[in-house]
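Take the sequence shown: its position 121, counted from the start at 1, is 145 in my numbering, and no numbers get skipped. Note that beta-carbon positions come from the ideal geometry of N, C-alpha and C, so glycine has one too.
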Amino acid sequence: DWLKANPDDLDRLKVKGNLLTWLKRHDDAIALFQSALSKSNSQEKSNLNSLIAAAYTEKGDYDLALKNIDDAIDRTSKQGFKFQKAVIYQRMDRHQDAISLLSELLENGAYNREVLAHRATSYMATNQHDNAREDYEKLREFHPDAIGIYLNLAEIAEAKSQSAEALKNYELYLKYADPESSPAEDLQRVQTRVKQLQGGTP
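And the structure:
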């Protein structure tokens with residue numbers, strides 16, 4: 025078959041497997057990636073395990089996703105694989121495990137905006153509002169016009185009954201929001217809430 029005729033063409037195989045994953049043919053993608061494991065060196069095996077884990081994650085089979093990403097991490101403790109494991113934890117609603125892993129990555133110098141954003145999401149999911157706010161404020165330094173940050177900061181302020189802070193962040197959201205590309209429901213909801221807060225409605 026194609027693989028036997030092209031035993032070393034792992035790049036093409038990965039492209040084909042990624043396409044199968046995108047088409048939601050997860051079992052076919054997994055079988056294709058697994059068929060290449062025996063032909064791969066250590067680094068390639070880890071990359072294939074990562075792709076298998078991603079396909080299992082999309083399929084909703086999180087235990088097998090974790091097993092494969094752990095295999096990749098055991099072979100090469102690449103930070104990207106650890107980040108992928110944290111995202112799997114988030115999909116499983118194991119947010120505290122995700123926070124621990126993401127914090128470890130940040131402590132080890134992976135000061136990556138994506139890592140920070142994911143940790144903030146898990147802090148929000150577990151109502152750790154002060155920690156979430158710290159992460160969102162760091163992200164705001166990188167992306168002052170990222171409107172989602174202001175919505176999240178406003179949500180935190182609302183949870184803590186800080187009306188003035190909520191109003192400030194809603195107004196910043198409206199300042200940066202593009203009416204053409206921003207969800208109309210979000211814009212309308214925020215505009216309504218701004219009027220309420222300006223009128224003194226808690």
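If you keep only unbroken alpha helix (DSSP H) runs of at least 4 residues inside the stretch 151 to 198, you get 153 to 166 and 171 to 183.
For the pair A156 and H119, the CB atoms are not nearer than the 8 Å cut-off. Closest in C-alpha terms to N92, from the list Q58, D210 and Q114, comes Q58. Sixteen is the threshold: when 16 or more other Cβ atoms of the shown chains lie within 10 Å of the Cβ of Q114, as they do, the residue is buried.
Per the coordinates, the alpha-carbon of V214 lies some 43 Å from the alpha-carbon of N73.
The C-beta of F166 has fewer than 16 other C-beta atoms within 10 Å across all chains shown, which makes the residue exposed.
G133 sits in coil when the DSSP states are folded into three classes, being neither helix nor strand.
Collapsing the DSSP output to three states places N65 in coil. Counting along the chain, T45 sits inside the alpha helix (DSSP H) bounded by residues L34 to W46.
Taking a cut-off of 8 Å for Cβ pairs, the stretch 171 to 179 and the stretch 188 to 201 touch, as three or more such pairs fall below it.
For T145, the three-state secondary structure derived from DSSP is helix. Contact between K40 and L61 does not hold, since the beta-carbon distance rounds to 15 Å and is not under 8 Å. The beta carbons of H153 and A110 sit no closer together than 8 Å.
For A122, the CB contacts under 8 Å within the same chain, skipping 5 residues up- and downstream, are A110, V111, Y113, Q114, H142, R143 and S146 in chain order.
In terms of Cα proximity to Q220, the closest of E204, E182, P203 and L140 is E182. For Y160, the CB contacts under 6 Å within the same chain, skipping 5 residues up- and downstream, are A144, I173, N176 and L177 in chain order. Within the stretch 58 to 127, no beta strand (DSSP E) run of at least 3 residues lies entirely inside it. Note on L37: 16 or more other CB atoms within 10 angstroms of its CB, so buried under the neighbour-count rule.
A53 carries a helical assignment under DSSP once its states are collapsed to helix, strand and coil. It is roughly 51 Å from the alpha-carbon of Q222 to the alpha-carbon of D94.
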